[in-house]
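With the working numbering applied, the sequence shown covers -2 to 123. Heads up: the structure comes next, in C-alpha coordinates.
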Amino acid sequence: MAESKSYTKTFMLVSSDMAQNLNARSGVELKELGRSVNCLMYLVDAHVYKDCRILCLSGSLSEIDAGLRVLVACMQKLLRAKTKPTFETVMYMHDKSVVHIKSDFAERGRQRQGRLQPAPPSASRL
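Dropping the structure here:
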(Lines of atoms letter the chains of each structure in order from A and count residues from 1; the text may use other names and numbers.)
(Lines give C-alpha, C1' and ligand atoms only; values in the text may rest on other atoms or scores of the structure.)
Protein backbone atom coordinates (compact mmCIF):
# COMPACT_ATOMS: atom_id res chain seq x y z
CA MET A 1 0.00 0.00 0.00
CA ALA A 2 1.48 3.34 -1.05
CA GLU A 3 1.96 6.11 1.47
CA SER A 4 -0.34 9.09 1.00
CA LYS A 5 1.27 12.33 -0.20
CA SER A 6 0.06 14.36 2.75
CA TYR A 7 2.61 16.60 4.39
CA THR A 8 2.94 17.07 8.10
CA LYS A 9 5.25 18.74 10.60
CA THR A 10 7.12 17.33 13.56
CA PHE A 11 8.53 19.52 16.30
CA MET A 12 11.26 18.74 18.80
CA LEU A 13 13.07 20.66 21.52
CA VAL A 14 16.83 21.03 21.20
CA SER A 15 19.22 22.80 23.55
CA SER A 16 20.35 26.28 22.54
CA ASP A 17 23.97 25.26 22.08
CA MET A 18 22.96 22.34 19.84
CA ALA A 19 20.64 24.66 17.91
CA GLN A 20 23.50 27.11 17.49
CA ASN A 21 25.75 24.34 16.14
CA LEU A 22 23.05 23.09 13.76
CA ASN A 23 22.21 26.62 12.62
CA ALA A 24 25.82 27.63 11.90
CA ARG A 25 26.45 29.77 8.80
CA SER A 26 22.85 31.07 8.81
CA GLY A 27 21.32 27.61 8.74
CA VAL A 28 23.14 26.37 5.64
CA GLU A 29 24.15 23.06 7.28
CA LEU A 30 20.62 22.43 8.54
CA LYS A 31 19.12 23.20 5.11
CA GLU A 32 21.65 20.92 3.37
CA LEU A 33 20.94 18.16 5.87
CA GLY A 34 17.21 18.48 5.15
CA ARG A 35 17.77 18.66 1.41
CA SER A 36 19.75 15.40 1.50
CA VAL A 37 16.60 13.52 2.57
CA ASN A 38 14.04 15.79 0.85
CA CYS A 39 12.76 17.13 4.18
CA LEU A 40 12.47 20.74 5.31
CA MET A 41 14.31 21.45 8.59
CA TYR A 42 14.37 24.80 10.34
CA LEU A 43 14.57 26.36 13.79
CA VAL A 44 11.61 28.40 15.01
CA ASP A 45 12.76 31.92 15.95
CA ALA A 46 11.71 31.73 19.58
CA HIS A 47 13.36 30.55 22.76
CA VAL A 48 11.22 28.27 24.86
CA TYR A 49 11.63 26.58 28.22
CA LYS A 50 14.94 27.82 29.66
CA ASP A 51 17.60 27.42 26.99
CA CYS A 52 15.77 25.29 24.40
CA ARG A 53 14.77 26.01 20.82
CA ILE A 54 12.09 24.42 18.64
CA LEU A 55 13.30 22.46 15.62
CA CYS A 56 10.70 21.76 12.93
CA LEU A 57 10.83 18.97 10.35
CA SER A 58 8.31 19.13 7.54
CA GLY A 59 7.45 16.64 4.81
CA SER A 60 5.76 13.30 4.33
CA LEU A 61 5.98 10.70 7.09
CA SER A 62 8.79 8.78 5.39
CA GLU A 63 10.72 12.00 4.71
CA ILE A 64 10.40 13.07 8.35
CA ASP A 65 11.53 9.61 9.46
CA ALA A 66 14.61 9.83 7.22
CA GLY A 67 15.19 13.41 8.39
CA LEU A 68 15.15 12.37 12.03
CA ARG A 69 17.65 9.59 11.33
CA VAL A 70 20.19 11.92 9.68
CA LEU A 71 19.51 14.63 12.27
CA VAL A 72 20.20 12.30 15.21
CA ALA A 73 23.39 11.08 13.51
CA CYS A 74 24.50 14.68 12.99
CA MET A 75 23.71 15.60 16.61
CA GLN A 76 25.67 12.58 17.88
CA LYS A 77 28.63 13.63 15.73
CA LEU A 78 28.50 17.15 17.18
CA LEU A 79 28.29 15.82 20.74
CA ARG A 80 31.26 13.49 20.20
CA ALA A 81 33.32 16.40 18.84
CA LYS A 82 32.91 18.35 22.08
CA THR A 83 36.00 18.35 24.23
CA LYS A 84 35.84 16.35 27.41
CA PRO A 85 37.25 18.16 30.43
CA THR A 86 40.11 16.33 32.09
CA PHE A 87 41.47 19.20 34.14
CA GLU A 88 42.30 19.37 37.82
CA THR A 89 41.07 22.92 38.29
CA VAL A 90 39.28 25.57 36.30
CA MET A 91 40.79 29.04 36.10
CA TYR A 92 38.93 32.17 35.18
CA MET A 93 39.62 35.86 35.53
CA HIS A 94 37.60 37.67 38.17
CA ASP A 95 38.42 41.36 37.99
CA LYS A 96 42.22 41.13 37.95
CA SER A 97 42.79 37.94 39.92
CA VAL A 98 42.74 34.31 38.79
CA VAL A 99 40.22 32.15 40.63
CA HIS A 100 40.83 28.39 40.87
CA ILE A 101 37.83 26.09 41.11
CA LYS A 102 38.32 22.41 41.89
CA SER A 103 37.02 20.16 39.14
CA ASP A 104 34.34 17.57 39.95
CA PHE A 105 35.91 15.30 37.33
CA ALA A 106 39.24 15.23 39.15
CA GLU A 107 37.54 14.51 42.48
CA ARG A 108 35.51 11.66 41.00
CA GLY A 109 38.67 10.21 39.49
CA ARG A 110 40.40 10.27 42.88
CA GLN A 111 37.39 8.61 44.53
CA ARG A 112 37.33 5.88 41.89
CA GLN A 113 41.08 5.31 42.28
CA GLY A 114 40.62 5.02 46.05
CA ARG A 115 37.96 2.34 45.66
CA LEU A 116 40.12 0.36 43.22
CA GLN A 117 43.19 0.29 45.47
CA PRO A 118 43.79 -3.11 47.12
CA ALA A 119 43.34 -3.24 50.87
CA PRO A 120 46.54 -2.96 52.92
CA PRO A 121 47.90 -6.37 54.03
CA SER A 122 47.40 -5.62 57.73
CA ALA A 123 43.67 -5.00 57.21
CA SER A 124 43.14 -8.34 55.44
CA ARG A 125 44.55 -10.34 58.37
CA LEU A 126 41.93 -9.07 60.83
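Backbone N, C-alpha and C define an ideal beta-carbon position, used for all residues, glycine too.
Nearest-angstrom Cα distance between residue i and residue j?
| i | j | result |
| --- | --- | --- |
| Gly56 | Lys79 | 31 Å |
| Leu27 | Leu65 | 12 Å |
| Met38 | Leu54 | 5 Å |
| Gly24 | Ile51 | 14 Å |
| Lys74 | Lys47 | 24 Å |
| Arg22 | Val67 | 19 Å |
| Ser3 | Gln108 | 56 Å |
Relative to the C-alpha of residue i, which candidate in the options has its C-alpha closest?
| i | options | result |
| --- | --- | --- |
| Ala70 | Thr5, Val41, Tyr4 and Gly31 | Gly31 |
| Leu76 | Lys6, Val45, Val11 and Tyr4 | Val11 |
| Glu60 | Ser33, Asp48 and Lys74 | Ser33 |
| Met9 | Val45, Arg22, Ser3 and Asn35 | Val45 |
| Asn35 | Ala63, Lys74 and Gln108 | Ala63 |
Could you tell me if residue i is buried or exposed, where buried requires 16 or more neighbouring beta carbons within 10 angstroms of its beta carbon?
| i | result |
| --- | --- |
| Glu29 | exposed |
| Ala43 | exposed |
Skipping 5 residues on each side, what residues in its chain have a beta carbon closer than 7 Å to that of residue i?
| i | result |
| --- | --- |
| Asn20 | Leu27 and Leu40 |
| Cys49 | Leu10, Val11, Ser12 and Ser13 |
| Met72 | Met15 |
| Asn18 | Leu75 |
Based on the DSSP output, what are the partners of residue i in its beta bridges?
| i | result |
| --- | --- |
| Ser55 | Lys6 and Leu37 |
| Val45 | Cys49 |
| Val11 | Arg50 |
Within the same chain, show all residues whose beta-carbon is closer than 8 Å to that of residue i, passing over the 5 residues directly before and after it, in chain order.
| i | result |
| --- | --- |
| Thr162 | Shown here, the chain extends from -2 to 123; a query on residue 162 therefore has no answer. |
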